[in-house]
Amino acid sequence: STTRIGIIVGSLRKDSFNRQLAKAVAALLPQPLQAVDIPIGELPLYNQDLDSALPEAAVKFKQQVESVQGLLFFTPEYNRSYSGVLKNALDWGSRPWGKSSWPGKPAGIMGASPSQVGTALAQEHLRMVLSALDVPVLPQPSIFVQYGEGLVDADGRITNETTAKFVQGFVARYVAWLDKLAAK
Ligand code: FNR
2 STTRIGIIVG SLRKDSFNRQ LAKAVAALLP QPLQAVDIPI GELPLYNQDL
52 DSALPEAAVK FKQQVESVQG LLFFTPEYNR SYSGVLKNAL DWGSRPWGKS
102 SWPGKPAGIM GASPSQVGTA LAQEHLRMVL SALDVPVLPQ PSIFVQYGEG
152 LVDADGRITN ETTAKFVQGF VARYVAWLDK LAAK
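Numbering-wise (full-length UniProt numbering), the sequence shown opens with residue 2 and increments by one.
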């Protein structure tokens, strides 16, 4: 049987570096892990008035989150934090009260930015909110991918050897951590 890992990308940009990184990582997941894309771009702006009758996009999103056994977040950094669209998705998934879709889904966080320490602050903010949502987050390694044009090629492979090794190392640690949690 497969272990479904939800991929959530915090950028809606067509050529998003984070989306490209997510594709490369999805291809690296070993059996029995299977990457499942969980899109967030169709979600309306969160409005608590709708908690009593969730819009269809939110229902679908929650079902997708509930259908996976783990999560991988790829966050851009916007003004020293993660993106509003990602927060919007986290908020939808957490509601209505008592029916959160998030608790207990082991998560890994990665992020890509053209800046060298880019996404470090975004990742810390995301980590803080995920802990409030009862989502266990892999503590280490942290990975801040500095994105330059062509880092991920058309076939979804990481072209820089150092970055590729880092990302492979991260995936290996995430997989080992999932195994450990599942064994408990
Ligand atoms: C940015 N960018 C950015 N980068 C960074 O490292 N730290 C930051 O605080 C910010 N702030 C910021 C704010 C806003 C509103 C935008 C649009 C961009 C640059 C950002 O890293 C860059 O646009 C990436 O390409 C965004 O990720 P995607 O869309 O390529 O995945």
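Backbone N, C-alpha and C define an ideal beta-carbon position, used for all residues, glycine too. Please read all numbers here as calculations on a predicted model, not as lab measurements.
_Paired residues, beta bridge with V138 - DSSP_ = Its beta-bridge partners are A108.
*asked:* Using C-beta distances below 8 Å, list every residue in its chain close to G170, excluding the 5 sequence neighbours before and after it, in chain order.
replied: Answer for G170: P142, listed in chain order.
*Within 7 Å: the Cβ of G119 and any heavy atom of the ligand SAH?*
Because the ligand SAH does not appear in the structure shown, any question about it cannot be addressed here, the ligands present being the ligand FNR.
*Starting from residue 213, follow its DSSP beta bridges and name the residues at the other end.*
With the chain running from 2 to 185 in the structure shown, residue 213 is simply not present.
_Beta-carbon proximity of residue 241 to F62, cut-off 8 Å_ = There is simply no residue 241 to check, as the chain begins at 2 and stops at 185 in what is shown.
_What does the Cβ neighbour count give for R20, buried or exposed, with the cut at 16 atoms within 10 Å?_
Residue environment: R20 is assigned as buried (16 or more neighbouring CB atoms within 10 Å of its CB, all protein chains considered).
*Residues with C-beta closer than 5 Å to any heavy atom of the ligand FNR, in chain order*: Spelled out in chain order, the answer is S12, R14, S17, F18, N19, P77, E78, Y79, N80, R81, S114, S116, G119.
*Give the single residue among H126, Y175, D135, V168 whose Cα lies nearest to the Cα of R81.*
The shortest Cα separation from R81 among H126, Y175, D135, V168 belongs to H126.
*When the cut-off is 8 Å and only beta carbons count, does S84 lie next to chain C?*
No chain C appears in this structure, which consists of one protein chain only.
_Expected contact under 8 Å - CB spacing of Q70 and Q117 to nearest Å_ = Incorrect: roughly 34 Å between the Cβ atoms, too far for contact.
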